[in-house]
Ligand code: GLN
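Residue numbers (the working numbering): 34 to 236.
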């Protein structure tokens, strides 16, 4: 079978770093800026960056509803940091005009770690990722305040949930794309490869 094709939402944020991480785990990465570019993907990454800007640009590029439909269809999506915020069904400390895509039955608090400590690194044990903890890079990072029954907590740091999975959707507060450790991208690409054939091929 051909390599999974994974889009990276390329409106804003650390797109290049995600493309490099995806290449490192044998996926074909593609930048996505237009609704029609969602059609042939096996999965989509929503990068780290600034969720309010990403929300504004998603509206400006006519991508908000197509992205919501992509997630709602059960197609694989991985969000890091701002990307996690975008995947939250409920958001705390967002801007009043800020939109999310939803997809995970969780309440995310934006900039939650940021207020205490703008940026830090910590070893994080992630359930489903073998081989010891990953190095979590947290930059004005959100945390997950609570999850509903459908969502599974994969990692906790300092008592706060920092990685979750619900069906084909994965989200982390931290940025594996900024480290040389691509195990979370590996996990996501294997989720996408598994979903291939079971999920509809077009949005
Ligand atoms: N604080 C940012 C936001 O609200 C997220 C930061 C990040 O992605 N590193 O979008």
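C-beta: ideal position from N, C-alpha, C; glycine also.
When secondary structure is reduced to three states using DSSP, residue 193 falls in the strand class. Annotation for residue 84 indicates a beta carbon within 6 Å of some heavy atom of the ligand GLN.
With a cut-off of 6 Å, the C-beta of residue 108 is classified as distant from the ligand GLN, since no heavy atom of the ligand falls inside that distance. Taken atom to atom, the span from the alpha-carbon of residue 182 to that of residue 176 is near 17 Å.
Shown here, residue 76 sits in a strand according to DSSP, grouped into three states. For residue 120, there is no enclosing beta strand (DSSP E), as DSSP gives it neither H nor E. When the five nearest sequence neighbours on each side are left out, the beta carbons in the same chain lying within less than 6 Å of the beta carbon of residue 145 are those of 175, 176, in order along the chain.
In the DSSP assignment, residue 61 forms a beta bridge with 38. Of the candidates 74, 67, 160, 74 places its Cα closest to the Cα of residue 61. Less than 7 Å separates the beta-carbon of residue 141 from that of residue 124.
Restricting attention to 92, 199, 219, 189, the CA atom closest to the CA of residue 207 is found in 189. Taking the C-beta atoms as reference points, residue 122 is found no nearer than 7 Å to residue 107. Within the chosen limit of 6 Å, the ligand GLN reaches the beta carbon of residue 172 through at least one heavy atom.
Leaving aside the five residues that flank residue 153 on each side, the residues in its chain whose CB is nearer than 8 Å to its CB run, in chain order, 146, 171. Per DSSP, residue 221 lies in no beta strand (DSSP E) segment; the continuous alpha helix (DSSP H) that holds it begins and ends at 216–228. Residue range 84–93 is occupied by the alpha helix (DSSP H) that includes residue 92.
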